[in-house]
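**Q** Structure in structure tokens, see below.
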Amino acid sequence: MRIVLVGPPGAGKGTQAAYLAENLSIPHISTGDLFRANISQGTRLGQKAQEYMRAGQLVPDEVTIGMAKDRMEQPDAAGGFLLDGFPRNLSQAEALDDILREAGVTLDAVLDLEVPEDEVVKRIAGRRMCRNDSGHIFHVQYSPPRTEGVCDVCGGELYQREDDHEDTVRKRLEVYHTETEPIIDYYKAQGLVVTISALGKVAEVTARAMEALGRGP
Ligand code: AP5
Ligand code: ZN
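Residue 1 is where the sequence shown starts when you use UniProt numbering, and the numbers rise one by one after that.
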């Protein structure tokens, strides 16, 4: 399957993507994670992305589209993928259409995670990420690690993302409404959008998502 996951910052895209990718046996491709990996490795791409991410703005398309395309062309993505955080504006959506057309494949669904704004603010404020694996995501209140500051899965150090501070979060939400939300209508016109509520327990949301994708029990 080829799926695009869309939803505001803090909706739970990364959390759900880890489970959905496993259930569907497809790689999870997150442009945010790719940027963060480049930043921690000190690459030129990472240096370029960091200033935009710190400000809560989109990294320019000329950097993002090439990086996403390279990742989608890796052998493990030949049979399908779950895109998380890409596309994020209309020109990226059009670029993705070109990439898919060139490869002779199509999207199966665009899964839209709906969460009220006050809830995403709470989710982001308490989020803690593992330094070793971006799929290990915790929340100080909703899914606390057994030992404070330590990843339950791998023992890695937990940290708060640099762009998870209040001012930046507000900017990210604004960018989501102005730049990313229009892609939902773009995909609605193609009949691809399935919208689900991302409220409730993580496992409940995963079950809802699998059902919406036609892969329920
Ligand atoms: P990115 O990394 O994509 O961040 P985002 O879209 O803002 O989304 P988040 O990672 O903040 O949230 P999420 O929805 O994954 O939530 P999570 O599962 O962690 O992008 C970061 C930046 O990179 C952008 O601002 C931009 O600068 C740049 N960028 C990335 N892609 C780009 C692109 N295509 N073009 C240009 N720039 C790009 O969950 C959040 C918290 O909630 C966690 O603590 C979790 O434990 C908790 N939680 C999850 N589910 C539940 C639940 N059901 N109940 C209670 N708590 C829950
Ligand atoms: Zn970990």
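In this text, a Cβ means the ideal position worked out from N, Cα and C, and glycines have one as well. Model, not experiment: these values are computed from the prediction.
1. Given that a residue counts as buried once 16 or more other Cβ atoms are within 10 Å of its Cβ, and exposed if not, what is Asn132?
2. By how many angstroms is the C-alpha of Gly191 removed from the C-alpha of Leu158?
3. Thinking C-alpha only, which one of Ala207, Ala18, Glu166 and Ile184 is nearest Ser30?
4. Within 8 Å, do at least three Cβ pairs link the stretch 194–214 to the stretch 18–28?
5. Taking 8 Å as the threshold (C-beta atoms), are Thr180 and Arg36 in contact?
6. Would the C-beta of Gly156 count as close to the ligand ZN, meaning under 7 Å from any of its heavy atoms?
7. For the stretch 63–74 against the stretch 92–109, do three or more pairs of beta-carbon atoms, one drawn from each stretch, fall closer than 8 Å, so that the two count as touching?
8. Looking only at C-alpha atoms, which of Gly10, His139 and Thr206 sits nearest to Cys130?
9. Would you list, in sequence order, the uninterrupted beta strand (DSSP E) runs of no fewer than 3 residues that lie entirely inside the stretch 178–204?
10. In or out: His28 buried (at least 16 other Cβ within 10 Å) or exposed?
11. What beta strand (DSSP E) runs, 3 residues minimum, are completely inside the stretch 70–101?
12. By a C-beta neighbour count over all protein chains shown, 10 Å radius and 16 as the cutoff for buried, is Gly56 buried or exposed?
13. Who pairs with Arg128 in a beta bridge, going by DSSP?
**A** According to the data block:
1. As a working note, residue 132 is residue 132 in the sequence shown. So Asn132 ends up on the exposed side.
2. Counting from 1 along the sequence shown, the entry for residue 158 is found at position 158. Counting from 1 along the sequence shown, the entry for residue 191 is found at position 191. Between Leu158 and Gly191, the C-alpha separation is close to 40 Å.
3. Here residue 30 is taken as the residue at index 30 of the sequence shown, counted from 1. Taking each of Ala207, Ala18, Glu166 and Ile184 in turn and checking the Cα distance to Ser30, the smallest one comes out for Ala18.
4. yes
5. The count along the sequence shown starts at 1 and reaches residue 36 at position 36. The count along the sequence shown starts at 1 and reaches residue 180 at position 180. No.
6. Position 156 of the sequence shown, counting from 1, holds the residue named residue 156. It does: the Cβ of Gly156 is within 7 Å (strictly closer) of some heavy atom of the ligand ZN.
7. Taking 8 Å as the limit for Cβ pairs, the verdict is that the stretch 92–109 does touch the stretch 63–74.
8. Here residue 130 refers to the residue found at position 130 of the sequence shown. It is His139 whose Cα lies nearest to the Cα of Cys130.
9. 193–197
10. For the purposes of this step, residue 28 is taken as the residue at position 28 of the sequence shown. Taking all protein chains in view, the Cβ of His28 is crowded by 16 or more other Cβ atoms within 10 Å, so the residue is classified as buried.
11. Counting only runs of 3 or more, we get 81–84.
12. Walking along the sequence shown from the start, residue 56 turns up at place 56. With 16 or more Cβ atoms within 10 Å of its Cβ, Gly56 is classed as buried.
13. Mapped onto the sequence shown, residue 128 falls at position 128. According to DSSP, which records beta bridges pairwise, Arg128 is partnered with Phe138.
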